[in-house]
Amino acid sequence: MAENLCYTAMTKFKKVYGDMFERDYFTNSIHVPVWEQISPFDKIDIESQLTGYSSAGCITYVELDGGMSNNLDALETLVNYAMDKDIPYFAINIPNDTCNDCGFTGEFNDVCPVCGSHNINHLRRVTGYLTGDYKTAFNWGKQKETEDRFRHSSLMEV
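Structure, rendered in C-alpha cells:
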C-alpha cells in the first residue's frame with residue numbers, strides 16, 4: 073500500500089543522506105505538513121494551488137478534534153470553501169473511537185474514559201482510507217504521521 077511509503081521511503085533516504093530530517097516520515101501528496109498549526113481555510117488555500125499538478129491522488133482534508141453535528145454552519149462553510157477553491161477531493165476527518173465493552177463513542181484512543189476498557193475500535197480516515205484501527209493497518213511511520221496531525225477545533229466559529 074502506497075500509504076506506508078511515507079515511512080519506507082524516509083528510512084531509505086536516511087540511509088543515503090543521514091539523519092538530517094525533522095520527522096521519521098514524509099508527508100503525503102500535496103499536503104501541508106500535518107503538524108502545521110494553521111487554520112483549515114489556510115490549509116485549503118495552500119493545497120488548492122497544488123491539486124492541478126498531481127496526476128495521482130490529491131485529497132485535501134481537514135482534521136478535526138471531534139464531530140460537527142452541533143456545528144453544522146461551520147461544516148457547511150468548510151465544504152463550500154473547499155468547493156469554491158476547486159478542490160477535486162475533499163474530506164473532513166473526524167475521530168471516532170468506540171469502546172467495545174460499554175459502547176461509549178468519541179475520541180479517547182487507548183482507554184475508555186467511562187469504563188477504563190482497552191478494548192477499543194478506532195475508526196480513522198488516513199489519507200483517503202477509512203480504517204478500523206490505523207495502529208494495525210499502517211506501518212510505524214504512517215501511525216506517527218496520523219498521531220502528529222494538527223486537529224482543528226470542531227467548535228470553530230465561522
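Just so you know, our numbering puts 97 at position 25 of the sequence shown, and the rest follows in order with no gaps. Backbone N, C-alpha and C define an ideal beta-carbon position, used for all residues, glycine too.
C-alpha gap between residue i and residue j, whole angstroms
i              : j              : result
isoleucine 192 : glutamate 148  : 30 Å
arginine 196   : isoleucine 110 : 21 Å
threonine 218  : aspartate 137  : 13 Å
aspartate 205  : histidine 194  : 5 Å
glycine 188    : alanine 209    : 24 Å
cysteine 171   : tyrosine 89    : 43 Å
aspartate 91   : tyrosine 79    : 14 Å
Reduced DSSP category for residue i - H, G, I as helix; E, B as strand; rest coil
i              : result
isoleucine 118 : helix
threonine 49   : Summary: the structure shown does not reach residue 49, with the chain confined to residues 73 through 230, and so no result is reported for it.
valine 134     : strand
threonine 99   : coil
cysteine 184   : coil
asparagine 76  : helix
Buried/exposed call for residue i, threshold 16 Cβ in 10 Å
i            : result
serine 141   : exposed
cysteine 130 : buried
Touch check for the segment 219-229 and the segment 138-157: three-plus C-beta pairs under 8 Å? yes
Three Cβ pairs or more, each shorter than 8 Å: is that satisfied between the segment 112-132 and the segment 80-96? no
Return the chain-ordered ranges of every alpha helix (DSSP H) run that is complete within the segment 196-222 and spans a minimum of 4 residues. 206-209 and 212-220
Contiguous alpha helix (DSSP H) assignments of at least 4 residues, all confined to the segment 132-169: 144-156
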